[in-house]
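Colleague: Protein sequence lines, in the order shown, are assigned to chains A and B. Residue 169 in our numbering sits at position 169 of the first sequence; the count goes up by one each step and never skips. Just add 416 to the spot in the second sequence (first one is 1) and you have our numbering. For each residue, glycine too, the CB sits at the ideal point set by N, CA and C.
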Amino acid sequence: MSRVVTAPAGPLLEQLREVAGDGPLRELESLARELSGHRMVMVNSTAVGGGVAEILHRLVPLLQALGVPTTWEVMSGDDRFYGISKKLHNALHGLGSAPTAEEHDHYRAINRRAAAELELDADLIMIHDPQPAAIVETRRERGQHWVWRCHIDLERAEPGALDLVTSRAGHYEAAIYSHAAFMPRVAPGFLVPPSIDPLSAKNAELTTQEIDETLAPFGLPDGVPWVTQVSRFDRLKDPIGVLRAFRLARRQERAHLVLAGGTADDDPEGATVLAEVREAAQGHDDVSVLTLPPDAHRVINALQRRSTVLVQKSLREGFALTIAEGLWKRRAVVASAVGGIPLQVLHERTGLLVRSPEGCAAQIVRVLREPGLRRQLGIAGREHVRRNFLQTREARDYLAIFLAIVRGLRSRVAAA
Amino acid sequence: MTTGREPFQLVGVTHLLRPWGEPVAGLDAMLERVGAAPDEVLFAHSVCRLLRDATLQGQVMDDLSHWIATALQDPETAERLWLAVGTAFPRATAVREAMLEVLGSVPARRRGAREAPPGAEFTFLSAVPVHYRSGEPFDDPRAAVAALLEREPAIWFHHLHEEPWDSEGSSTLLEWLRLRGESALAERLAACTEWGLGVELARTRFRKRWRLSQASRRVVSADGPPEQRRRDAARGAAAMLVRRLTHEEDTP
Numbered sequence: 001m002s003r004v005v006t007a008p009a010g011p012l013l014e015q016l017r018e019v020a021g022d023g024p025l026r027e028l029e030s031l032a033r034e035l036s037g038h039r040m041v042m043v044n045s046t047a048v049g050g051g052v053a054e055i056l057h058r059l060v061p062l063l064q065a066l067g068v069p070t071t072w073e074v075m076s077g078d079d080r081f082y083g084i085s086k087k088l089h090n091a092l093h094g095l096g097s098a099p100t101a102e103e104h105d106h107y108r109a110i111n112r113r114a115a116a117e118l119e120l121d122a123d124l125i126m127i128h129d130p131q132p133a134a135i136v137e138t139r140r141e142r143g144q145h146w147v148w149r150c151h152i153d154l155e156r157a158e159p160g161a162l163d164l165v166t167s168r169a170g171h172y173e174a175a176i177y178s179h180a181a182f183m184p185r186v187a188p189g190f191l192v193p194p195s196i197d198p199l200s201a202k203n204a205e206l207t208t209q210e211i212d213e214t215l216a217p218f219g220l221p222d223g224v225p226w227v228t229q230v231s232r233f234d235r236l237k238d239p240i241g242v243l244r245a246f247r248l249a250r251r252q253e254r255a256h257l258v259l260a261g262g263t264a265d266d267d268p269e270g271a272t273v274l275a276e277v278r279e280a281a282q283g284h285d286d287v288s289v290l291t292l293p294p295d296a297h298r299v300i301n302a303l304q305r306r307s308t309v310l311v312q313k314s315l316r317e318g319f320a321l322t323i324a325e326g327l328w329k330r331r332a333v334v335a336s337a338v339g340g341i342p343l344q345v346l347h348e349r350t351g352l353l354v355r356s357p358e359g360c361a362a363q364i365v366r367v368l369r370e371p372g373l374r375r376q377l378g379i380a381g382r383e384h385v386r387r388n389f390l391q392t393r394e395a396r397d398y399l400a401i402f403l404a405i406v407r408g409l410r411s412r413v414a415a416a
Numbered sequence: 417m418t419t420g421r422e423p424f425q426l427v428g429v430t431h432l433l434r435p436w437g438e439p440v441a442g443l444d445a446m447l448e449r450v451g452a453a454p455d456e457v458l459f460a461h462s463v464c465r466l467l468r469d470a471t472l473q474g475q476v477m478d479d480l481s482h483w484i485a486t487a488l489q490d491p492e493t494a495e496r497l498w499l500a501v502g503t504a505f506p507r508a509t510a511v512r513e514a515m516l517e518v519l520g521s522v523p524a525r526r527r528g529a530r531e532a533p534p535g536a537e538f539t540f541l542s543a544v545p546v547h548y549r550s551g552e553p554f555d556d557p558r559a560a561v562a563a564l565l566e567r568e569p570a571i572w573f574h575h576l577h578e579e580p581w582d583s584e585g586s587s588t589l590l591e592w593l594r595l596r597g598e599s600a601l602a603e604r605l606a607a608c609t610e611w612g613l614g615v616e617l618a619r620t621r622f623r624k625r626w627r628l629s630q631a632s633r634r635v636v637s638a639d640g641p642p643e644q645r646r647r648d649a650a651r652g653a654a655a656m657l658v659r660r661l662t663h664e665e666d667t668p
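1. So does the segment 283-291 of chain A actually touch the segment 207-214 of chain A, counting three or more Cβ pairs closer than 8 Å?
2. Let me see if you follow: with CB-CB separation under 7 Å, is B:R623 close to chain A or not?
3. Which one of A:P61, A:I152 and A:R142 has the shortest CA to CA distance from A:A91?
4. Answer with buried or exposed for A:A414, where buried requires no fewer than 16 other C-beta atoms within 10 angstroms of its C-beta.
5. Give me the subset of the segment 560-587 of chain B whose CB atoms are less than 8 Å from a CB atom of chain A, sorted by chain position.
6. Using DSSP's beta-bridge definition, name the partner residues of B:W483.
7. Can you tell which of A:K329, A:S30, A:W328 and A:I364 has the C-alpha that lies nearest to the C-alpha of A:A335?
8. Is A:S195 closer than 7 Å to A:L63 when the C-beta atoms are compared?
9. How do the segment 181-191 of chain A and the segment 427-439 of chain B stand: do at least 3 beta-carbon pairs fall below 8 Å, yes or no?
10. Please report how far the alpha carbon of A:M42 lies from the alpha carbon of A:H128, in whole angstroms.
11. Considering Cα atoms alone, identify which of B:R621, B:M515 and B:G652 is closest to B:L443.
12. With a CB to CB cut of under 6 Å and the five nearest residues on each side skipped, what residues in its chain are close to A:A361?
13. Is there a Cβ of chain B sitting closer than 7 Å to that of A:E34, yes or no?
14. Could you work out which residue in B:M656, B:D478, B:L447 and B:W626 is closest to B:A559 when comparing CA atoms only?
15. Taking beta-carbon pairs under 7 Å, can you tell me which members of the segment 73-94 of chain A lie near chain B?
16. In the DSSP assignment, find the unbroken alpha helix (DSSP H) run with B:R449 in it and report its ends.
17. When burial is assigned at 16 or more other CB atoms within 10 Å of the CB, is A:V227 buried or exposed?
18. In whole angstroms, what separates the C-alpha of B:G474 from that of A:Y177?
19. How big is the Cα-Cα spacing for A:L409 and A:V367?
20. Ordered along the chain, which non-local residues of its own chain (more than five positions away) have a Cβ less than 7 Å from that of A:G378?
21. Note down the Cα distance separating A:G340 from A:A161, rounded to an integer number of angstroms.
22. Suppose you measure from the CA of A:P294 to the CA of B:A524; what does that come to, to the nearest Å?
23. Counting only runs that start and end within the segment 231-269 of chain A, where is the beta strand (DSSP E) found for 3 or more residues in a row?
24. So, with DSSP's three-state summary, where would you put A:T6?
25. My understanding is that A:F233 touches A:P225, with C-beta atoms under 8 Å, so please give their C-beta distance in whole angstroms.
26. Would you call the segment 168-176 of chain A and the segment 11-31 of chain A in contact, with 3 or more CB pairs under 8 Å?
27. Please list the partners that B:Q489 has in chain D, where partner means a Cβ-to-Cβ separation under 8 Å.
28. Going along chain A in order, which residues have a C-beta closer than 8 Å to the C-beta of B:S550?
29. Of all the beta strand (DSSP E) runs that stay within the bounds of the segment 41-103 of chain A, which reach a length of 3 or more residues?
30. Quick one: what does DSSP say A:Y177 is sitting in, helix, strand or coil?
31. What are the partner residues of A:M126, as DSSP defines its beta bridges?
32. Is the shortest distance between the beta-carbon of B:V546 and the beta-carbons of chain A less than 7 Å?
33. Tell me whether the segment 489-499 of chain B and the segment 533-551 of chain B touch, counting them as touching only if at least three CB pairs, one residue from each stretch, are closer than 8 Å.
34. Tell me the rounded alpha-carbon separation between A:L38 and A:G359.
35. Quick one: grab the DSSP three-state call for A:I196.
36. At the level of alpha carbons, what is the spacing between A:M40 and A:Q15?
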């Protein structure tokens with residue numbers, strides 16, 4: 001068990017004000033003033049690796065800089081606990097079975113130990129994901145407000161695993177999910193879409209020289225516009241559909257297709273899909289398939305900035321943060337109207353929505369031929385992300401949720 | 417209820433979203449859900465977009481019309497609904513009636529003919545407002561309006577869109593301005609909400625008009641001092657008008 005010391009906030013607020021604008025920062029400062037006198041603790045199960053740790057490393061310093069005393073506690077467990085947590089995590093994603101009753105007992109025992117050891121010396125407590133979710137059962141004190149932040153897509157959760165998680169939802173005053181589709185009917189809550197960090201390696205500004213140097217090792221062609229999809233190799237991201245759309249577009253316009261992504265460790269199908277994509281791309285000089293390690297943030301940044309069109313032709317989608325990343329970089333985006341994509345791509349305003357490989361091809365051609373359209377979409381897209389999908393908005397939502405709860409609101413509502 | 421004597425506190429708002437009911441895949445289900453949806457659900461999908469898409473050029477399309485145009489690929493119904501919702505602002509009853517009228521007028525066979533593909537269903541959301549005070553209260557009406565134009569757009573949205581929606585068209589800010597003898601300013605602000613524009617764009621347009629009127633006031637108020645000073649002030653104001661007319665763009 002440990003308290004994580006995050007990087008000092010330093011000029012963070014001013015840096016964010018520069019990129020996000022004065023309005024979002026003023027909102028944050030006003031909300032933080034309303035929470036004056038309150039303290040916050042974030043709790044999760046790892047300080048490094050994984051999306052949640054990444055979020056907390058930027059969120060905690062931001063909250064501190066805003067004047068809301070915030071600390072970050074990490075629970076620890078034994079090997080058996082981590083094995084059970086992994087099993088639960090997979091089952092919540094619809095893979096494998098839920099932990100057995102005996103395993104659940106061990107999970108609860110470790111949570112009880114964490115409850116005794118963690119410094120939960122605050123009145124506003126946010127528990128991230130299922131690993132520490134049972135701490136609330138033994139540690140909740142009078143005057144404390146507990147919120148559960150679920151970062152996982154529960155849409156295909158194994159019923160037993162879902163029951164383990166949702167059975168303790170009643171201990172919390174609110175649950176928070178990233179997308180409506182992720183939210184179980186038995187434990188409704190608030191929606192807080194994910195966000196991007198404009199100062200991170202994946203999104204920070206790069207000079208043309210930096211872009212060229214970063215991409216040089218990949219030997220991608222110069223002098224031809226790139227059409228790029230950045231996504232893991234997964235059937236639901238439809239990389240074969242992208243290839244088909246690109247072949248149709250190539251009958252009318254010269255371009256190079258880049259399919260870039262990694263295979264998720266928890267996705268056994270990834271290697272198979274990658275092999276299928278490579279086979280389909282074989283013999284086509286105008287297609288590059290890049291497999292990238294999980295920490296290739298700067299490469300992705302450079303790829304997105306260098307591309308003329310970014311495609312996200314998913315068949316199903318959670319939120320698709322790659323869209324927000326592309327829009328933030330003022331890129332023209334062509335994407336399917338599924339999941340969280342239409343929240344980001346407002347058709348003909350911030351990007352172009354499509355429903356078929358043919359539609360995708362037609363819009364790719366259109367964007368390649370119309371620099372004015374690209375510029376217009378790029379400007380509107382960046383502004384849309386600045387207002388709705390930067391980390392300042394996510395921090396604002398958390399502050400607002402705690403403020404609402406402190407004022408007496410509960411998030412649990414009967415489904416209509 | 418304000419008496420006009422007390423200083424005015426500008427208030428901002430942020431909205432927490434939560435799903436309401438089951439997602440819908442077609443117009444039949446949408447028609448049924450619109451009839452049953454609480455006012456805050458209609459608010460989330462019609463008015464909130466003015467804040468969410470605050471800087472988009474042109475009239476902002478409501479969420480339902482956007483979904484019908486993109487996921488259902490039915491541009492005709494989307495356009496009709498967009499216009500009807502835009503015209504019905506800013507009352508919940510009027511918005512609901514407009515939606516029901518347009519969706520109900522689509523022939524039953526056509527309503528049932530189109531379905532959104534899996535994953536593209538429409539999820540109704542309910543908006544829970546969380547209000548906060550922005551800075552210190554104002555005693556000077558014009559300073560309050562200047563802050564309304566300068567600070568975050570959520571303040572403009574709360575006083576000029578959300579309050580009228582919740583209170584049958586009235587706004588504490590506009591009421592206070594009238595009681596402080598600034599009725600014309602209040603009317604000009606109220607008129608902005610009829611434009612159906614994103615908040616940031618509406619603010620920019622109002623800011624430009626307000627500055628011009630401020631410059632005109634300066635010319636009028638310069639009447640009285642010695643002739644030379646009056647001429648200098650008038651020249652200065654005219655030069656400022658020309659600069660703004662020639663250099664300002666209609667963007668935030």
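Modeller: Judging by the given coordinates:
1. no
2. What you label residue 623 of chain B is simply residue 207 of the second sequence in a count that begins at 1. Answer no: the Cβ-Cβ gap between B:R623 and chain A never drops below 7 Å.
3. Residue mapping note: residue 91 of chain A aligns to position 91 of the first sequence, counting from 1. Measuring from the Cα of A:A91, the nearest candidate turns out to be A:I152.
4. As a first step, residue 414 of chain A must be located in the first sequence, where it is residue number 414. Confidence in A:A414 is poor, its pLDDT being 28 and thus under 50, which makes the residue's placement unreliable; the coordinate value appears in the next sentence. Exposed: under 16 other Cβ atoms inside 10 Å.
5. R567, E568, P569 and A570
6. Here residue 483 of chain B corresponds to residue number 67 of the second sequence, with the count starting at 1. According to DSSP, which records beta bridges pairwise, B:W483 is partnered with nothing at all.
7. As a first step, residue 335 of chain A must be located in the first sequence, where it is residue number 335. If we check each option's Cα against that of A:A335, A:I364 comes out closest.
8. Numbered from its first residue, the first sequence carries residue 63 of chain A at position 63. Numbered from its first residue, the first sequence carries residue 195 of chain A at position 195. No.
9. yes
10. Counted from its first residue, the first sequence places residue 42 of chain A at position 42. Counted from its first residue, the first sequence places residue 128 of chain A at position 128. When rounded, the distance between both Cα atoms is 7 Å.
11. In the second sequence, counting from the first residue as 1, residue 443 of chain B sits at position 27. The shortest C-alpha separation from B:L443 is found at B:M515.
12. The residue you call residue 361 of chain A lines up with position 361 of the first sequence. A245, L248 and A249, listed in sequence order.
13. In the first sequence, counting from the first residue as 1, residue 34 of chain A sits at position 34. Closer than 7 Å to some Cβ of chain B, the Cβ of A:E34 qualifies, so yes.
14. To locate residue 559 of chain B, count along the second sequence from 1; it is residue 143. Taking only the C-alpha atoms, the option nearest B:A559 is B:W626.
15. none
16. Locating residue 449 of chain B in the second sequence gives position 33, where the first residue counts as 1. From DSSP, the alpha helix (DSSP H) with B:R449 extends over L443 to A452.
17. Position 227 of the first sequence, counted from the start, is the residue given in the question as residue 227 of chain A. Answer is buried; the Cβ neighbour count reaches 16.
18. On the second sequence, position 58 is the one that residue 474 of chain B refers to. On the first sequence, position 177 is the one that residue 177 of chain A refers to. Going from the Cα of B:G474 to the Cα of A:Y177 covers about 32 Å.
19. If you number the first sequence from 1, residue 409 of chain A lands on position 409. If you number the first sequence from 1, residue 367 of chain A lands on position 367. Answer to the nearest angstrom: the Cα atoms are 46 Å apart.
20. Along the first sequence, read from residue 1 onward, the residue named residue 378 of chain A stands at position 378. R330, R331 and A332.
21. Counting from one through the first sequence, the residue named residue 340 of chain A turns up at place 340. Counting from one through the first sequence, the residue named residue 161 of chain A turns up at place 161. The straight-line gap from Cα to Cα measures roughly 25 Å.
22. Reading the first sequence from its first residue, position 294 is the one you call residue 294 of chain A. Reading the second sequence from its first residue, position 108 is the one you call residue 524 of chain B. The straight-line gap from Cα to Cα measures roughly 50 Å.
23. 256-261
24. Indexing the first sequence from 1 puts residue 6 of chain A at position 6. In the structure shown, A:T6 sits in coil (DSSP, three-state: anything other than H, G, I, E or B).
25. Sequence index remark: in the first sequence, residue 233 of chain A carries index 233 (1-based). Sequence index remark: in the first sequence, residue 225 of chain A carries index 225 (1-based). Not quite, the Cβ-Cβ distance comes to about 23 Å (not below 8 Å), so this is no contact.
26. no
27. Structure shown: chain D not included; protein chains present are A and B.
28. On the second sequence, position 134 is the one that residue 550 of chain B refers to. Within chain A, the residues near B:S550 are R26 and S30.
29. 70-74
30. One-based indexing of the first sequence puts residue 177 of chain A at position 177. Correct three-state label for A:Y177: strand.
31. Translated into positions along the first sequence, residue 126 of chain A becomes position 126. Its beta-bridge partners are A:M42 and A:V147.
32. To locate residue 546 of chain B, count along the second sequence from 1; it is residue 130. B:V546 counts as touching chain A.
33. no
34. Position 38 of the first sequence, counted from the first residue, corresponds to residue 38 of chain A. Position 359 of the first sequence, counted from the first residue, corresponds to residue 359 of chain A. At residue 38 of chain A the sequence reads His, which differs from the Leu that was named. Approximately 52 Å between the Cα atoms of the pair.
35. Taking the first residue of the first sequence as 1, we reach residue 196 of chain A at position 196. Strand.
36. Here residue 40 of chain A refers to the residue found at position 40 of the first sequence. Here residue 15 of chain A refers to the residue found at position 15 of the first sequence. One C-alpha to the other measures close to 23 Å.
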